[in-house]
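Residue numbers (the working numbering), protein chains in the order written: chain A, 1 to 230; chain B, 1001 to 1230.
C-beta atoms are modelled at their ideal positions from N, C-alpha and C, and glycine is treated no differently.
Protein chains: 2
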Amino acid sequence: MATGTEHTVKAFDEDIGQLRGLISQMGGLAEEAIANAMQALQRSDTKLAAKVRSDDARIDEIEAEVERLAVRVIALRAPMADDLREVVAALKIAAVVERIGDYAKNIAKRVPLIEQHSGIEPLSVLPAMAQMASDMVHDVLDAFAARDADAAVRVCEQDNALDDFYSSLFRALVTFMMENPKTIGQVAHLLFVAKNLERIGDHATNVAEMVYFAATGNYMAERDRGGSDV
Amino acid sequence: MATGTEHTVKAFDEDIGQLRGLISQMGGLAEEAIANAMQALQRSDTKLAAKVRSDDARIDEIEAEVERLAVRVIALRAPMADDLREVVAALKIAAVVERIGDYAKNIAKRVPLIEQHSGIEPLSVLPAMAQMASDMVHDVLDAFAARDADAAVRVCEQDNALDDFYSSLFRALVTFMMENPKTIGQVAHLLFVAKNLERIGDHATNVAEMVYFAATGNYMAERDRGGSDV
């Protein structure tokens, strides 16, 4: 027969499993939001852009669910050390994934403002940048699910490439504006789109640091971290 | 003689008092960071900008302190209903204030990139916009300290004015770039500065919603909320 302690441990494991499941669900929705926002942008598809905006409510809902569950777990199960670190990590990671969803929503909101973009060459490299950011989100949530500290470090390393991508795109957009002053109003919105993608990478990096800490109890070494300057 | 319950209530009140104190401290530092970042920008003062960047570590530290304390309070005191709402609000508000500090830091990071800005006219209205954003941060943390739901609603209303300010500044910056194509590289950074200030207002609005919920147990009505479209 199960003792009280075994019962508590099992209930805790179930709670953690549920937290992981919710976060993985949020991550899937965030990846989808990024992909849809970029597709809407490429095709000037304002209907798809509107869908990204309305779908974001679901990500917000799941975050609220994670929060309620995490608080209940802390209050009822009073987890210690490793287990507490894991619950707090889940709470914080959910908040970050919710913000990643907001960045995708923000990109979608700009779609109606950049309609005649067929001539804006730097736009053609945005999907590759978005894919890079989205892969980081995917990889870091896999690392969380697997408690894989090494995989978390690799996500941080990817962020350097994303930052370089952003810097070169920033320069390309500025150059394009100089050569095509009439497009400045629209291209300015693309600067923000590029920045949003770069920020998604920063957030994936933040999650990677949390995963590393949850898995090892130590903070990641400074040299392994990514992060753009501006 | 105090009963066990009275003892617990007193200990909880002390913990909440400590959480409030830490958040108020963070808020003061965030306001200072915004003011210093704007002064550094106006005066091209890269030394002050560097100070804003390094001072941000203190805000991050206090956030970590709030997190540790809030988790301990939930685990040890198992607060219910109103009290639990308050602790969770403290945890979330600290995370938002930390982000407000990051926006100020981001503005500071751009100072070395916008050196010869004496000729950029729209720059002259940035301090007024920064003051508006900073006042929102101040007012919303006062509302939190006083559990004042009405004051929280007023902060959300201020956000509409900030959003209008941002929109008109965005147009002014785009116009300036069109007329002065050589400045585009630098003025693009000012677009981000303006955006950062607008985001600070959004975050103050988010805090206002949390304060409202913590104080009343209800969500703020949609019509009272602020929030820019992009």
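At a cut-off of 8 Å, the C-beta of B:Ala1078 has a neighbouring C-beta in chain A.
With respect to the C-alpha of B:Glu1086, the residue from B:Met1132, B:His1138, B:Asp1148 having the closest C-alpha is B:Asp1148. Separation of the CB atoms of B:Ile1184 and A:Met177 is rounded to 5 Å, and the pair is thereby assigned contact status at 8 Å. Residue range 1081 to 1110 is occupied by the alpha helix (DSSP H) that includes B:Leu1084. The beta carbon of B:Gly1185 falls within 8 Å of a beta carbon belonging to chain A, placing the residue at that interface.
Against chain A, the beta carbon of B:Val1174 has neighbours under 7 Å at Ile184, Gly185, Ala188, listed in chain order. Put simply, the CB of B:Phe1165 is far from chain A, with every gap to its CB atoms at 8 Å or more. Annotation: Cβ neighbours of A:Val88 in chain B (cutoff 8 Å, chain order): Glu1067, Val1071. Looking from the CA of A:Val211, the closest CA among A:Ala35, A:Glu32, A:Asp55, A:Val88 belongs to A:Val88. Of all C-beta pairs linking the segment 155 to 166 of chain A to the segment 96 to 103 of chain A, fewer than three are shorter than 8 Å, placing the two stretches out of contact. A:Tyr219 counts as exposed, since fewer than 16 other C-beta atoms from the protein chains shown sit within 10 angstroms of its C-beta. For B:Asp1142, the CB contacts under 7 Å within the same chain, skipping 5 residues up- and downstream, are Ala1151 in chain order. Counted as a single uninterrupted DSSP element, the stretch harbouring A:Ile120 is not any alpha helix (DSSP H), since DSSP gives it neither H nor E. Membership of A:Lys47 in the alpha helix (DSSP H) is indicated by the continuous run 46 to 77. Rounded to whole angstroms, the separation of the alpha carbons of A:Arg154 and A:Ile34 is 21 Å. Within the segment 1039 to 1070 of chain B, contact with chain A at the beta-carbon level (separation under 8 Å) is assigned to Glu1067. Interface flag for A:Lys10 against chain B is unset, since no Cβ pair is found closer than 8 Å.
Under the Cβ distance rule, B:Met1026 does not count among the residues neighbouring chain A, no pair being separated by less than 8 Å. Going by DSSP, A:Gly185 is part of the alpha helix (DSSP H) stretching over 184 to 216.
Using a CB distance cut-off of 8 Å, A:Leu19 does not count as an interface residue toward chain B. In the three-state reduction of the DSSP assignment, A:Asn160 falls in the helix class, which pools H, G and I. Taking a Cβ-Cβ cut-off of 7 Å, the neighbours of B:Ala1095 in chain A comprise Ala95, given in sequence order. Of the other Cβ atoms in all chains shown, fewer than 16 fall within 10 Å of the Cβ of A:Arg43; this residue is therefore exposed. Put simply, the CB of A:Pro122 is far from chain B, with every gap to its CB atoms at 8 Å or more. At a cut-off of 8 Å between beta-carbon atoms, A:Ala204 makes no contact with chain B.
Rounded to the nearest angstrom, the gap between the Cα atoms of A:Ala214 and A:Ile100 is 20 Å. Between B:Asp1164 and B:Arg1199, the alpha-carbon positions lie close to 13 Å from each other.
Residue state for B:Asn1180 is assigned as coil, using DSSP reduced to three classes. Contact of A:Ile74 with chain B by beta-carbon distance below 8 Å involves Val1071, Ile1074, Ala1075. By the neighbour-count definition (other C-beta atoms within 10 Å, threshold 16), B:His1189 is a buried residue.
The C-beta of B:Phe1144 comes no closer than 8 Å to any C-beta of chain A.
Looking at the backbone, the Cα of A:Leu84 and that of B:Glu1061 are separated by about 19 Å. Here A:Met129 is buried. Its C-beta has 16 or more other C-beta atoms within 10 Å. Closest by C-alpha distance to A:Lys105, out of A:Ser54, A:His203, A:Val140, A:Tyr166, is A:Ser54.
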